[in-house]
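Engineer: Before I ask anything, let me first share the structure, which is written out below as structure tokens.
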Amino acid sequence: MSSIVLFGPPGAGKGTQAERITEKTGFPQVSTGDMLRAAVKAGTETGLLAKSFMEAGQLVPDEVIIDLIQQRITHPDAAHGVMFDGFPRTIPQAEALATITEVSHVIAIEVPDERIVDRICGRYSCAGCGNVYHDTFNPAPEGGCECGKWEEKRRADDNADTVMSRLAAYHEQTSPLAGWYEREGIFHRINGDRPIDAITEDILTALN
Ligand code: AMP
11 MSSIVLFGPP GAGKGTQAER ITEKTGFPQV STGDMLRAAV KAGTETGLLA
61 KSFMEAGQLV PDEVIIDLIQ QRITHPDAAH GVMFDGFPRT IPQAEALATI
111 TEVSHVIAIE VPDERIVDRI CGRYSCAGCG NVYHDTFNPA PEGGCECGKW
161 EEKRRADDNA DTVMSRLAAY HEQTSPLAGW YEREGIFHRI NGDRPIDAIT
211 EDILTALN
């Protein structure tokens, strides 16, 4: 089993790119953020524990995340590898991942901090199909998304207060992982402040 990691600050476009790359590679997208939001919605023990950290823009404790991942990779769809989106986010998570799967590529989507706030604060998606939109940069068609199941959804933590904590957590706890993976020679930097298609193209080139 050999996996890919999508790395980058909140709002870099990891989720959007993961969906596109998944179609090309066949690796399922494993987003710890999505798994935690589902757990919060379902009111599970993990969800109850994670909720306050997520609302404060802080990282959920490593044990909780590693446990989620260990369960997830036992699913048959993960047998050949997965595309991790938003995991690992700390050195202990990366150490745990190294015991689970070989990581072949770490794709770092880079976006300057000053662009992140605008990108996150106007972000919304269609609950029906998962398409991601933005009030200014990429509005949904009038009357809603073309999937036919239009339902506008905004994340509780996509607000100006929380974004600063999420960025701080990224710089303090997650960005040190770049050096870790750079030393292994599997780290690819991609300029994420460009049109979505151009970024996808560069990611696919890096994966080849
Ligand atoms: P995301 O959807 O990746 O932006 O994650 C949303 C929130 O879920 C983060 O701000 C954290 O509170 C939590 N979270 C997601 N993934 C992780 C992770 N790998 N480690 C710790 N917390 C996480």
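When you read off a place in the sequence shown, starting at 1, and then add 10, the result is the number in our numbering.
All residues carry an ideal CB built from backbone N, CA and C; glycine is no exception.
1. Take Val127 as the anchor and find which of Glu29, Ala188, Ala179 and Asp168 has the nearest alpha-carbon.
2. Tell me the DSSP secondary structure of Ile79 in three-state form.
3. Which one of Ser135, Ala89 and Glu73 has the shortest CA to CA distance from Thr26?
4. What do you get for Gln39, buried or exposed, if any count of 16 or more other CB atoms within 10 angstroms of its CB means buried?
5. Considering only DSSP beta bridges, list what Cys136 is partnered with.
6. How is Ser29 classed by DSSP in three states: helix, strand or coil?
7. By alpha-carbon positions, which one of Val173, His85, His90 and Pro102 ends up nearest to Ile14?
8. Apart from the five residues on each side of it in sequence, which residues of its chain come closer than 6 Å, Cβ to Cβ, to Gly57?
9. Just to confirm before moving on: does the CB-CB distance between Val142 and Arg133 stay below 8 Å?
10. Tyr191 to Met174, Cα distance in whole Å?
11. So what does DSSP say about Ala89, is it helix, strand or coil?
12. Report yes if the C-beta of Pro98 is less than 7 Å from at least one heavy atom of the ligand AMP; otherwise report no.
13. Smallest Cα separation from Gly18: which of Arg125, Glu120, Asp145 and Glu65?
14. Can you tell me whether His115 is buried or exposed? The criterion is at least 16 other CB atoms within 10 Å of its CB, across all chains shown.
15. Can you give the beta carbon distance from Glu41 to Asp95, rounded, assuming they're within the 8 Å contact cut?
16. Find the nearest neighbour of Tyr180 within the set Arg99, Leu16 and Ile196, judged by alpha-carbon distance.
17. Going by beta carbon distance, what residues of the same chain come within less than 7 Å of Arg125, once the five residues before and after it are set aside?
18. Apart from the five residues on each side of it in sequence, which residues of its chain come closer than 8 Å, Cβ to Cβ, to Ala88?
19. Does Ala66 come out as helix, strand or coil in the three-state DSSP assignment?
Structural biologist: On the basis of the coordinates in this document:
1. Taking the first residue of the sequence shown as 1, we reach residue 127 at position 117. Of the candidates Glu29, Ala188, Ala179 and Asp168, the residue whose Cα lies closest to the Cα of Val127 is Asp168.
2. As a first step, residue 79 must be located in the sequence shown, where it is residue number 69. Three-state DSSP puts Ile79 in a helix.
3. Looking up residue 26 in the sequence shown gives position 16. Comparing Cα-Cα distances from Thr26 to each of Ser135, Ala89 and Glu73, the minimum goes to Ser135.
4. Locating residue 39 in the sequence shown gives position 29, counting from the first residue. Gln39 should be labelled buried.
5. As a working note, residue 136 is residue 126 in the sequence shown. For Cys136, which the question treats as bridged, DSSP gives the partners Glu162.
6. Here residue 29 refers to the residue found at position 19 when the sequence shown is read from its first residue. Residue identity differs from the one stated: residue 29 is Glu in this sequence, not Ser. Glu29 falls in the helix class under three-state DSSP.
7. The residue labelled residue 14 in the question sits at position 4 within the sequence shown. Nearest option by C-alpha distance: His90.
8. Residue mapping note: residue 57 aligns to position 47 of the sequence shown, counting from 1. Its chain contains Ala49 and Val50 as the residues whose beta carbon lies nearer than 6 Å to that of Gly57, once the 5 sequence neighbours on both sides are disregarded; these appear in chain order.
9. For the purposes of this step, residue 142 is identified with residue 132 of the sequence shown, where counting begins at 1. For the purposes of this step, residue 133 is identified with residue 123 of the sequence shown, where counting begins at 1. For the 8 Å CB-CB criterion, Val142 and Arg133 form a contact.
10. Residue numbering aside, residue 191 sits at position 181 when the sequence shown is read from its first letter. Residue numbering aside, residue 174 sits at position 164 when the sequence shown is read from its first letter. Their Cα atoms are separated by approximately 25 Å.
11. For the purposes of this step, residue 89 is taken as residue 79 along the sequence shown, with counting starting at 1. Note: Ala89 maps to coil in three-state DSSP.
12. For the purposes of this step, residue 98 is identified with residue 88 of the sequence shown, where counting begins at 1. Indeed, a heavy atom of the ligand AMP lies less than 7 Å from the Cβ.
13. For the purposes of this step, residue 18 is taken as residue 8 along the sequence shown, with counting starting at 1. By alpha-carbon distance to Gly18, the top candidate from Arg125, Glu120, Asp145 and Glu65 is Glu120.
14. Here residue 115 corresponds to residue number 105 of the sequence shown, with the count starting at 1. Label assigned to His115: buried.
15. Taking the sequence shown and counting its residues from 1, one reaches residue 41 at position 31. Taking the sequence shown and counting its residues from 1, one reaches residue 95 at position 85. Correcting the residue identity first, residue 41 is Ser in this sequence and not Glu. Right, their Cβ atoms sit about 4 Å apart.
16. Counted from its first residue, the sequence shown places residue 180 at position 170. Comparing alpha carbon positions, the residue from Arg99, Leu16 and Ile196 closest to Tyr180 is Arg99.
17. Within the sequence shown, numbered from 1, the residue matching residue 125 stands at position 115. The answer, listed in chain order, is Asp203.
18. As a first step, residue 88 is located in the sequence shown; it is residue number 78 there, counting from the start. In chain order, Met11, Pro38, Val40 and Arg82 place their CB closer than 8 Å to the CB of Ala88, counting only its own chain and leaving out the 5 sequence neighbours on each side.
19. On the sequence shown, residue 66 is found 56 positions in, with the first residue counted as 1. Under the three-state reduction of DSSP output, Ala66 falls in the coil class, being neither helix nor strand.
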